[in-house]
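K.L.:
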Amino acid sequence: MPDHDVDASRPSSPTDVRASVAAWEALFRAQVTLVRRFARHDVWGGLSMREYDVLYALSGGDEQGLRLRELAQSSLLTQPSLSRLVDRLEHEGLVHRAPVEGDRRGTAVRLTAEGRRRQREIGRRHARSIDALVGGALDADELATLERLCTRLRLAQADLPDPVGLTDDGPPDV
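Our numbering puts the sequence shown at residues 3 to 176.
Put into structure tokens, the structure is as follows:
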């Protein structure tokens, strides 16, 4: 007799849990391995990878810049840590803060001309690193599949419920 109390958002079997965990571990460990290799490359022009990441995020924004909370959404940093990092980048002349038009309390962070130049310079070198380490491991079809799957995984998070209560039964048997 079927169990009608089973949460439909939970995997239907331990095999599904194991497959999810295996896929996550493979993705996570690949990312960690690549980030460590990227960190060793001398492409950062005196910036940390996190500082470059902020410049990169700002380069994709519009002329208005991004608010700190918008920057925080694309970063692993907490907002206070991000604020200190932006302070350092501002001190170096790579970004500046400016009021948001129509919002007296709002402040946006924007790239300066020097910040844009540095981001592009570092970005070109980093792109060559990415091509060597990622493109060197996967063919064109695999790269397209990886991009499609990672984008799908990222975008799906907005529609998936938080896994509240999933720990009530203890960890899955993986």
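Here a beta-carbon is modelled for each residue, glycine too, at the ideal position from N, C-alpha and C.
(1) Which runs of the beta strand (DSSP E) at least 3 residues long sit entirely within the region 63 to 139? Give them in chain order.
(2) Where does Val166 fall in DSSP's three states?
(3) Can the beta-carbon of Arg52 be found closer than 8 Å to that of Leu87?
(4) Taking Cβ to Cβ, would you say Leu57 is nearer than 8 Å to Leu96?
(5) Would you call the CB atoms of Gln1 and Arg69 closer than 8 Å?
(6) For Val23, which of helix, strand or coil comes out of DSSP?
(7) Using 8 Å for Cβ pairs, my map puts Ser61 next to Leu113. What's the rounded Cβ distance?
(8) If I follow the unbroken alpha helix (DSSP H) through Ala59, where does it start and stop?
(9) Return yes when the Cβ of Ala100 is within less than 8 Å of the Cβ of Ala115, no when it is not.
(10) Tell me the DSSP secondary structure of Gln33 in three-state form.
P.N.:
So, from the listed chains and residues:
(1) Correct list: 97 to 102, 105 to 113.
(2) Position 164 of the sequence shown holds residue 166. DSSP, read as helix, strand or coil, puts Val166 in coil.
(3) In the sequence shown, counting from the first residue as 1, residue 52 sits at position 50. In the sequence shown, counting from the first residue as 1, residue 87 sits at position 85. Yes; because the gap between Cβ atoms is below 8 Å, this pair is in contact.
(4) Within the sequence shown, numbered from 1, the residue matching residue 57 stands at position 55. Within the sequence shown, numbered from 1, the residue matching residue 96 stands at position 94. Yes, they are a contact pair.
(5) Because the chain here runs from 3 to 176, residue 1 falls outside it and cannot be looked at.
(6) Sequence index remark: in the sequence shown, residue 23 carries index 21 (1-based). Correct three-state label for Val23: helix.
(7) Position 59 of the sequence shown, counted from the start, is the residue given in the question as residue 61. Position 111 of the sequence shown, counted from the start, is the residue given in the question as residue 113. Their Cβ separation, rounded to whole angstroms, is 6 Å, which keeps Ser61 and Leu113 in contact under 8 Å.
(8) In the sequence shown, counting from the first residue as 1, residue 59 sits at position 57. Note, Ala59: alpha helix (DSSP H), 51 to 61.
(9) Position 113 of the sequence shown, counted from the first residue, corresponds to residue 115. Position 98 of the sequence shown, counted from the first residue, corresponds to residue 100. Result no, Cβ atoms of Ala115 and Ala100 do not sit closer than 8 Å.
(10) For the purposes of this step, residue 33 is taken as the residue at position 31 of the sequence shown. Under the three-state reduction of DSSP output, Gln33 falls in the helix class.
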